[in-house]
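A.B. asks: Respectively, the protein sequence lines represent chains A and B.
Mapping to the numbering used here: the first sequence position 76 is 278, numbers consecutive.
Mapping to the numbering used here: the second sequence position 105 is 111, numbers consecutive.
Ideal placement from N, C-alpha and C gives every residue a C-beta, glycine not left out.
Just so it is clear, the structure is predicted and the values come from calculations on it, not from any experiment.
Here you go, one structure.
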Amino acid sequence: MAKNTSKTEKKGALSIKNVTKIYDPTGVNVMAVDNCSMEIAAGEVCMIVGPSGCGKTTLLNAIAGFHSITEGSIHLDGELLCGPERPKAEQSAERMVVFQHGALFPWKTLQENVAYGPTVQKALSPSQAMEKGGQMLAEAGLGNFIKKFPGEVSSGMARRAEIVRALINNPKVLLLDEPYRAMDALTKQIMHESLLETYDRTGVTIFFITHDLEEAIFLGDKVHIVTTRPCQLKKTVEVKIPRPRSYETQSSEKFRKLLVEVNDAVHEEAVKAFKAGEREMA
Amino acid sequence: MNSSANTTTVAPEGFNLFIYRVKKKFTGPDPYLTVAGVFLWLFTYWVLCEGLEIWRFTKLPGPVAISKDWFSTTPFQGISIFTAEYYDHISVSCQRILIAFGIATGLGVPLGLFMGWSRSIRDYLFPVIELLRPIPILAWVPLSILLLPGFEGPVIFLATLASFFVTTLNAMLGVDSIDEEYFRAAGCLGSSRWDVFKNVVVPGALPFIFTGLQISIGVAWFSLVAAEMVSGDLGLGYLIVDAYMNNVTVPMVIAMITLGFIGYFSSACVRALGDKLMGWHVKELAQQGR
Ligand SMILES: Nc1ncnc2c1ncn2[C@@H]1O[C@H](COP(=O)(O)OP(=O)(O)O)[C@@H](O)[C@H]1O
Ligand SMILES: [Mg+2]
């Protein structure tokens, strides 16, 4: 388990090699990912951009261990997660997922939610976990809400708490699936700032799915543009805007240029996906 | 940096909250409508039986005759709030319901949860339960009398059976209703299978379970009374048939009304217990304005 991840020796290099995923090969036979490869360096913020229904979530689920892959392999820091002999990765707290619709347990308070991971992993005693959870929520600006249930706080706060729930386990990789999708632009800005702040503090590797191009460039070190289904890597755009980044960056010349570059690549795919009538699941 | 909580006003608590709720209740039209509705019913009833004495309704005791007996220290037809017999019937029925509902819940909830949680347990048991469930409760009467000794056994068995099926099915559907993402989140966070059961399956199914329990306590009353009417020695159901057989109609109606009140009260208790156990659910619904 990843403990005491210091800023100097970064962990969480993901290597995705020739991954193919076919849903139900004998039945419906949907090829969601086809021979897709990408390398994600340790401590990198890697943004995945592609049209809806192209197979991004499928790829993330394979890394997280929610389902098997049909071919290829995925390694984390050189260790095999899934491959030919073991098609389904084991779920583990080193790869924490933040879900598209939010998956804080609605029957637990924010504090209990955050304390849950360390408690069931027996990394901390329940009371220690609660204490640490409360502390981390307070650091994330949620100190007044630790006793609230997720249904009682705003979606932005819930999402922030969910990220705290992930980070308390010292994960190597944070997997985020369109976490800010349903949010208004202003809340999104606040969420971006807090995610960047978290990243600067922890240096955790981030695998972030989005189809908001500005979000992708603003947050990412690299933007991987993937094709419409079946998902393949189409183009990688490196974002060489120094950190820490602030909102002024978004109006800079460099940012605009990158946006055009990414947009060019993704637009073509979006048109294809639209014509094919792709739809996402879940 | 974060000072959004300062603007919220202090919510009323304790006694003040109670006063606030009572006030709020009586400012809306609902309580007046309820009172008006009850009076309208009673009035119609009275007109039919005692006011105009419409054909056939003369066989029924009207509201005046019933309340005279019900609240009399010396009731004509033997049952009133001052007779011990009345309370004997009530307490026997209530005891049976407590036992039957307790057994049904104690068996049904875990069984339903396990069936929802584990594919193999479901495959094993669900078809059998589905096969037994549609058999009407009265069809079980002969079998239960053959199988179980005395009066208590069959009556409690019949009341348990119906409510057991409802509870089991609802608990299982409750597990089915839990969003897959909660299971995934629990898996990521390092839960064992048992952790998932305790922290996701049970609380996630609770809203469905309590909906089921509210129905199941109603079903328990329903089948208890049916059972008492067929094979009983005491209890409100027995009182109804007994009164009918002896041509005393007032106790019959008193027993019916009493059943209505107790049934209403028992559902309310189950609902209150559910709200207490599921604070999160109540608050979530409140946020959505419900
Ligand atoms: N369980 C499944 N069974 C069959 N097809 C699926 C399943 N899950 C997703 N798909 C299909 O795979 C494709 C990719 O889905 P997904 O990975 O959710 O796309 P997105 O890039 O929008 O996240 C879609 O065409 C979807 O319909
Ligand atoms: Mg998706």
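Which value, in whole angstroms, describes the spacing of the CA atoms of P209 (chain B) and P67 (chain B)?
C.D. replies: As a position in the second sequence, residue 209 (chain B) is number 203, starting the count at 1. As a position in the second sequence, residue 67 (chain B) is number 61, starting the count at 1. If you take the alpha carbons of P209 (chain B) and P67 (chain B), they lie about 49 angstroms apart.
A.B. asks: Would you say Y318 (chain A) lies against chain B (beta-carbon separation less than 8 angstroms)?
C.D. replies: Sequence index remark: in the first sequence, residue 318 (chain A) carries index 116 (1-based). Judged by the 8 angstroms Cβ criterion, Y318 (chain A) is in contact with chain B.
A.B. asks: Quick one, which of B:A165, B:L152, B:F228 and B:M121 has its alpha-carbon nearest G180 (chain B)'s?
C.D. replies: As a first step, residue 180 (chain B) must be located in the second sequence, where it is residue number 174. Its Cα nearest to that of G180 (chain B), the residue B:M121 stands out among B:A165, B:L152, B:F228 and B:M121.
A.B. asks: Between which residues of its own chain and K456 (chain A) is the CB-CB distance below 7 angstroms, once the five residues before and five after are set aside?
C.D. replies: Taking the first residue of the first sequence as position 1, residue 456 (chain A) is located at position 254. Excluding positions up to five away in sequence, the list reads I443.
A.B. asks: Can you list the residues of chain B that G353 (chain A) reaches, using a CB-CB cut of under 7 angstroms?
C.D. replies: Stepping through the first sequence from its first residue, residue 353 (chain A) is reached at position 151. Those are W286, K289, E290 and Q293, listed as they occur along chain B.
A.B. asks: With DSSP collapsed to three states, give me the class of K282 (chain B).
C.D. replies: By 1-based counting over the second sequence, the position of residue 282 (chain B) is 276. Of the three classes helix, strand and coil, the one that applies to K282 (chain B) here is helix, per DSSP.
A.B. asks: Can you list, in chain order, the residues of the segment 125-158 of chain B whose Cβ is nearer than 8 angstroms to any Cβ on chain A?
C.D. replies: none
A.B. asks: Looking only at DSSP bridge pairs, what is M249 (chain A) linked to?
C.D. replies: Within the first sequence, the letter at position 47 stands for residue 249 (chain A). Paired residue(s): A:F410 and A:V425.
A.B. asks: Apart from the five residues on each side of it in sequence, which residues of its chain come closer than 8 angstroms, Cβ to Cβ, to D386 (chain A)?
C.D. replies: Taking the first sequence and counting its residues from 1, one reaches residue 386 (chain A) at position 184. Cβ neighbours of D386 (chain A) beyond the five flanking positions: none.
A.B. asks: Based on the DSSP output, what are the partners of K437 (chain A) in its beta bridges?
C.D. replies: Locating residue 437 (chain A) in the first sequence gives position 235, where the first residue counts as 1. Paired residue(s): A:I427.
A.B. asks: Does the beta carbon of T260 (chain A) fall short of 7 angstroms from some heavy atom of ligand 1?
C.D. replies: Taking the first residue of the first sequence as 1, we reach residue 260 (chain A) at position 58. Yes - ligand 1 has a heavy atom lying nearer than 7 angstroms to the Cβ of T260 (chain A).
A.B. asks: Is N206 (chain A) close to chain B? Criterion is C-beta to C-beta, closer than 8 angstroms.
C.D. replies: Within the first sequence, numbered from 1, the residue matching residue 206 (chain A) stands at position 4. Residue placement at N206 (chain A) is poorly supported in this model, since its pLDDT is 46, which falls under 50; the coordinates still yield a value, given next. No, N206 (chain A) lies away from the interface with chain B (no Cβ there is under 8 angstroms from its Cβ).
A.B. asks: Determine the closest residue to T400 (chain A) out of A:E364, A:H426, A:T412 and A:I427, with distance taken between C-alpha atoms.
C.D. replies: Locating residue 400 (chain A) in the first sequence gives position 198, where the first residue counts as 1. Per the Cα distances, A:E364.
A.B. asks: Going along chain A, which residues have a C-beta under 9 angstroms from N205 (chain B)?
C.D. replies: As a working mapping, residue 205 (chain B) is identified with position 199 in the second sequence. Residues of chain A passing the Cβ test: F307, W309, K310, Y318 and V322.
A.B. asks: Could you compute how far the alpha carbon of Q293 (chain B) sits from the alpha carbon of R62 (chain B)?
C.D. replies: As a working note, residue 293 (chain B) is residue 287 in the second sequence. As a working note, residue 62 (chain B) is residue 56 in the second sequence. In a straight line, the C-alpha of Q293 (chain B) is about 52 angstroms away from that of R62 (chain B).
A.B. asks: The segment 284-301 of chain A: which residues have C-beta closer than 8 angstroms to a C-beta of chain B, in chain order?
C.D. replies: Listed in sequence order: Q293, S294, A295, R297, M298, V299 and F301.
A.B. asks: For the beta strand (DSSP E) holding T222 (chain A), just list the boundary residues, first then last.
C.D. replies: As a first step, residue 222 (chain A) is located in the first sequence; it is residue number 20 there, counting from the start. T222 (chain A) -> beta strand (DSSP E) spans L216 to Y225.
A.B. asks: Closer than 7 angstroms by C-beta to I72 (chain B): which residues in its own chain qualify, once you throw out the five before and the five after it? Chain order, please.
C.D. replies: Position 66 of the second sequence holds residue 72 (chain B). Here the set comprises V256, V259 and I260.
A.B. asks: State the beta-bridge partners of S275 (chain A) as determined by DSSP.
C.D. replies: Counting from one through the first sequence, the residue named residue 275 (chain A) turns up at place 73. Paired residue(s): A:K219.
A.B. asks: Using a cut-off of 9 angstroms between C-beta atoms, extract the partners of A266 (chain A) located in chain B.
C.D. replies: Translated into the one-based positions of the first sequence, residue 266 (chain A) becomes position 64. Neighbours of A266 (chain A) on chain B, chain order: R190, G193 and C194.
A.B. asks: Which residues of chain A have a Cβ atom closer than 7 angstroms to the Cβ of E187 (chain B), listed in chain order?
C.D. replies: For the purposes of this step, residue 187 (chain B) is taken as residue 181 along the second sequence, with counting starting at 1. The contacting residues are F301, H303 and A305.
A.B. asks: Judging by CA-CA distance, which residue of B:L119, B:P37, B:V236 and B:P81 is the nearest neighbour of L149 (chain B)?
C.D. replies: The residue labelled residue 149 (chain B) in the question sits at position 143 within the second sequence. Ranking B:L119, B:P37, B:V236 and B:P81 by Cα distance to L149 (chain B) puts B:V236 first.
A.B. asks: May I ask you to report which of helix, strand or coil DSSP gives A234 (chain A)?
C.D. replies: Here the question's residue 234 (chain A) lines up with position 32 in the first sequence. Note: A234 (chain A) maps to strand in three-state DSSP.
A.B. asks: Please confirm whether P381 (chain A) and P352 (chain A) have their CB atoms less than 8 angstroms apart.
C.D. replies: Numbered from its first residue, the first sequence carries residue 381 (chain A) at position 179. Numbered from its first residue, the first sequence carries residue 352 (chain A) at position 150. Not in contact: P381 (chain A) and P352 (chain A) (Cβ atoms no closer than 8 angstroms).
A.B. asks: Measuring from the CB of G252 (chain A), is there a heavy atom of ligand 1 at a distance below 7 angstroms?
C.D. replies: On the first sequence, residue 252 (chain A) is found 50 positions in, with the first residue counted as 1. Residue side-chain check: G252 (chain A) places its Cβ nearer than 7 angstroms to a non-hydrogen atom of ligand 1.
A.B. asks: Is there at least one non-hydrogen atom of ligand 2 closer than 7 angstroms to the beta-carbon of E380 (chain A)?
C.D. replies: To locate residue 380 (chain A), count along the first sequence from 1; it is residue 178. Under cutoff, so the answer is yes.
A.B. asks: Which class does I242 (chain A) belong to by DSSP, given the choice of helix, strand or coil?
C.D. replies: Translated into the one-based positions of the first sequence, residue 242 (chain A) becomes position 40. In this structure, I242 (chain A) counts as strand in the three-state DSSP scheme.
A.B. asks: What number of angstroms, rounded off, separates the C-alpha of S197 (chain B) from the C-alpha of V322 (chain A)?
C.D. replies: Indexing the second sequence from 1 puts residue 197 (chain B) at position 191. Indexing the first sequence from 1 puts residue 322 (chain A) at position 120. Taking the straight line joining both Cα atoms gives about 6 angstroms.
A.B. asks: For L54 (chain B), I'd like the list of residues in its chain whose CB is within less than 7 angstroms of its CB, leaving aside the five on either flank, ordered along the chain.
C.D. replies: The residue given as residue 54 (chain B) occupies position 48 in the second sequence. Cβ neighbours of L54 (chain B) beyond the five flanking positions: I60 and F63.
A.B. asks: Following a CB-centred definition, is C256 (chain A) positioned closer than 7 angstroms to any heavy atom of ligand 1?
C.D. replies: Here the question's residue 256 (chain A) lines up with position 54 in the first sequence. Checking the Cβ of C256 (chain A) against ligand 1 gives yes.
A.B. asks: DSSP has V375 (chain A) in a bridge; who is on the other side?
C.D. replies: Sequence index remark: in the first sequence, residue 375 (chain A) carries index 173 (1-based). Among the bridge pairs identified by DSSP, V375 (chain A) is matched with A:R297 and A:T407.
A.B. asks: Between the segment 219-253 of chain A and chain B, which residues of the former have a C-beta closer than 7 angstroms to a C-beta of the latter?
C.D. replies: none
A.B. asks: What three-state label does DSSP hand E59 (chain B) in the structure shown?
C.D. replies: In the second sequence, counting from the first residue as 1, residue 59 (chain B) sits at position 53. Three-state DSSP puts E59 (chain B) in coil, outside helix and strand.
A.B. asks: Have a look at R367 (chain A) and P320 (chain A) and give me their C-alpha separation to the nearest angstrom.
C.D. replies: Along the first sequence, one-based indexing puts residue 367 (chain A) at 165. Along the first sequence, one-based indexing puts residue 320 (chain A) at 118. Going by the C-alpha atoms only, they are around 9 angstroms apart.
A.B. asks: Hey, is Y244 (chain B)'s beta-carbon within less than 8 angstroms of any beta-carbon in chain A?
C.D. replies: What you label residue 244 (chain B) is simply residue 238 of the second sequence in a count that begins at 1. Judged by the 8 angstroms Cβ criterion, Y244 (chain B) is not in contact with chain A.
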